[in-house]
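Numbering (this note's numbering), first residue to last: 7 to 102. Positions of the beta carbon are idealized from the N, C-alpha and C atoms, including for glycine. Contents: one structure, followed by commentary.
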């Protein structure tokens, strides 16, 4: 198997994020439809876990000098996915 180029690695990251996005949204939709209270609890725990990890990255500078900026960018991207999966209206939330 040949080594992947930097462009190939970016494609891997982009496709991985898209597949995880789709899977998270599908899972959230099924959970909300079947068990709304359980969905709220499970998805809330998942959101808290992301928040905890990003907070730890900032605190420990584990991603180097730009740890804060990286964590914020990751948080924004994941936040958009979670908002969509939860059926939150992101546009009106940002406008408020």
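Handout entry: residue 93, DSSP secondary structure in three states
Key = Stepping through the chain shown from its first residue, residue 93 is reached at position 87. In this structure, residue 93 counts as coil in the three-state DSSP scheme.
Handout entry: Neighbour-count burial assignment, residue 10, 16 or more Cβ in a 10 Å radius
Key = Sequence index remark: in the chain shown, residue 10 carries index 4 (1-based). So residue 10 counts as exposed.
Problem - Burial state of residue 34 (16 or more Cβ within 10 Å) - result: Within the chain shown, the letter at position 28 stands for residue 34. Label assigned to residue 34: buried.
Practice task
Measure from the alpha carbon of residue 77 to the alpha carbon of each residue in 93, 58, 95, 90, then state which is nearest.
Solution key: Taking the chain shown and counting its residues from 1, the one referred to as residue 77 is at position 71. Taking only the C-alpha atoms, the option nearest residue 77 is 58.
Exercise for the section: Could you spell out the range, first to last residue, of the alpha helix (DSSP H) harbouring residue 52? Expected result: The residue you call residue 52 lines up with position 46 of the chain shown. From DSSP, the alpha helix (DSSP H) with residue 52 extends over 42 to 66.
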